Amino acid sequence: MVAINFLRPAFAGAAAVLVLLGAGLVAGTGTTADDAYAAGAPVTSPPTQASAASPAPAKTLSPVGALFANGSHFCTASVVHSEAGDLVLTAAHCVRDGMSFAPAYHDGVAPLGMWTVTGVAVADGWTSSADPDLDFAFLTVQQPGNTASLESLTGANVLGTGRGFDHMITLTGYPDTTDSPVVCTGATTRSDTYQLRVACPGFPDGTSGGPWVTDGVVIGVIGGYELGGDTPDVSYSAYFDDDIAKLYASATG
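According to mature numbering (1 follows the signal peptide of the UniProt record, and there is no 0), the residues represented by the sequence shown are -27 to -1, 1 to 226, in order.
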């Protein structure tokens, strides 16, 4: 499969990147990341190194992490539930050669190490014409020498399809100029026939693929229209319907 290397554009100016330092602030609110986790939002663990043999308890880690290639992180992804426990969800426009996934990446630390992407599933309509309504991808990952599944260490969101357009979500992403995530809680609306929209400040280049989560169910990822948005303050997602359900079935079958 040909890798697709174009990413969400970055914009500087008044809408500056909001960085989480330590517990951090949730973008656009006075809530800390720790408070958000207690309320069910996916946030990262404290910046401590954990070995694959003795990981931190799953409840202290996040299913959200950063995608790396050539030594730098460039997109966001998240663990989605599967029987094998090795499946990660991101935007199709994030797919490139030589990817690795660092779950719960925080302050430059990968507490569970790097997980190599060994398989990619994208929709045919994305491969042929980069259809923005199909801007999602599933990645299969593994870590050499680790017999535990990724999901058993981080937990996972459940894939939600056909859920409608109006939700209160938690959005998480990794700006490519920082080593910590930004988090926002916002209300989604319908942008187009198969597109969702959310107004969340501080989500520039690098946050593509960031999951849209409501009550442990992922209903979108930053992508779709304008590769996720042409400003850092408004993000888009392809609507999750039968197309992503079929892709999930192919990735897990």
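Don't be surprised by glycine CBs; every beta carbon is placed ideally from N, CA and C. This structure is a prediction, so every number in the text was calculated from the model and none was measured.
Beta-carbon proximity check, Gly196 vs Ala64, cutoff 8 angstroms: In the sequence shown, counting from the first residue as 1, residue 196 sits at position 223. In the sequence shown, counting from the first residue as 1, residue 64 sits at position 91. Their beta carbons are under 8 angstroms apart, which means Gly196 touches Ala64 by this criterion.
Distance CB(Cys67)-CB(Ser210) smaller than 8 angstroms: For the purposes of this step, residue 67 is taken as the residue at position 94 of the sequence shown. For the purposes of this step, residue 210 is taken as the residue at position 237 of the sequence shown. Taking C-beta atoms as the reference points, Cys67 and Ser210 fail to come closer than 8 angstroms.
From Gly133, Thr145 and Tyr167, residue whose alpha carbon lies closest to that of Ala39: Within the sequence shown, the letter at position 66 stands for residue 39. Per the C-alpha coordinates, the member of Gly133, Thr145 and Tyr167 positioned closest to Ala39 is Thr145.
Span of the alpha helix (DSSP H), counted from its first residue to its last, around Leu126: Counting from 1 along the sequence shown, the entry for residue 126 is found at position 153. Leu123 to Thr127 is the span of the alpha helix (DSSP H), which, as asked, contains Leu126.
Nonlocal neighbours in the same chain, by C-beta distance under 7 angstroms from Gln22, ignoring five residues either side: Here the question's residue 22 lines up with position 49 in the sequence shown. Low confidence applies here, because Gln22 scores a pLDDT of 34, under 50, leaving its location unreliable and the question unanswered by this model.
Any C-beta of chain C under 8 angstroms from that of Pro76: Checking the listed chains, one finds no chain C in this structure; it contains a single protein chain.
Secondary structure of Cys157, DSSP reduced to three states: As a first step, residue 157 must be located in the sequence shown, where it is residue number 184. The answer is strand: DSSP assigns Cys157 an E or B state.
Where Cys67 sits in the DSSP three-state scheme: On the sequence shown, position 94 is the one that residue 67 refers to. When secondary structure is reduced to three states using DSSP, Cys67 falls in the helix class.
From Tyr147, Thr150, Ala94 and Val191, residue whose alpha carbon lies closest to that of Met141: Taking the first residue of the sequence shown as position 1, residue 141 is located at position 168. For Met141, the closest of Tyr147, Thr150, Ala94 and Val191 by C-alpha to C-alpha distance is Val191.
CB contact flag (Ala50, Leu62, <8 angstroms): Within the sequence shown, the letter at position 77 stands for residue 50. Within the sequence shown, the letter at position 89 stands for residue 62. In this structure, Leu62 lies closer than 8 angstroms to Ala50 by Cβ.
Ile195 - containing beta strand (DSSP E), residue span: Position 222 of the sequence shown, counted from the first residue, corresponds to residue 195. Taken as a continuous stretch (DSSP letters only), Ile195 belongs to no beta strand (DSSP E), as it is neither H nor E.
Contacting residues, own chain, Cβ-Cβ under 6 angstroms from Val207 (five flanking each side not counted): On the sequence shown, position 234 is the one that residue 207 refers to. Cβ-Cβ distances below 6 angstroms link Val207 to Ala172 in the same chain, with the five nearest sequence neighbours on each side left out; the list follows chain order.
First and last residue of the uninterrupted beta strand (DSSP E) at Ala94: Position 121 of the sequence shown, counting from 1, holds the residue named residue 94. Counting along the chain, the beta strand (DSSP E) containing Ala94 begins and ends at Trp88 to Val95.
8 angstroms CB neighbourhood of Gly193 in its chain, flanking five on each side removed: Translated into the one-based positions of the sequence shown, residue 193 becomes position 220. Shown here for Gly193: same chain residues with a beta carbon closer than 8 angstroms to its own, the five before and five after excluded, namely Ile142, Thr161, Leu169, Pro184, Trp185, Ser210, Ala211, Tyr212 and Phe213 in chain order.
Contacts around Gly98, its chain only, beta-carbon distance under 6 angstroms, and the 5 residues preceding and following it disregarded: Taking the first residue of the sequence shown as position 1, residue 98 is located at position 125. Residues of the same chain with a CB within less than 6 angstroms of the CB of Gly98, apart from the 5 flanking positions on each side, are Asp104 and Leu107 in chain order.
DSSP state of residue 227 mapped onto helix, strand, coil: The displayed coordinates of the chain run from -27 to 226. Any statement about residue 227 would go beyond what the structure contains.
Identity of the residues DSSP links to Thr166 by a beta bridge: Numbered from 1 along the sequence shown, position 193 holds the residue referred to as residue 166. Per DSSP, Thr166 has no beta-bridge partner at all.
Own chain, CB closer than 6 angstroms to Gly201, minus 5 neighbours either side, in chain order: Along the sequence shown, one-based indexing puts residue 201 at 228. Taken in chain order, the residues that qualify are Arg(-20), Ser181, Ile195, Ser208 and Tyr209.
Rounded C-alpha distance that separates Pro19 from Trp88: Translated into positions along the sequence shown, residue 19 becomes position 46. Translated into positions along the sequence shown, residue 88 becomes position 115. Confidence in Pro19 is poor, its pLDDT being 28 and thus under 50, which makes the residue's placement too unreliable to answer from.
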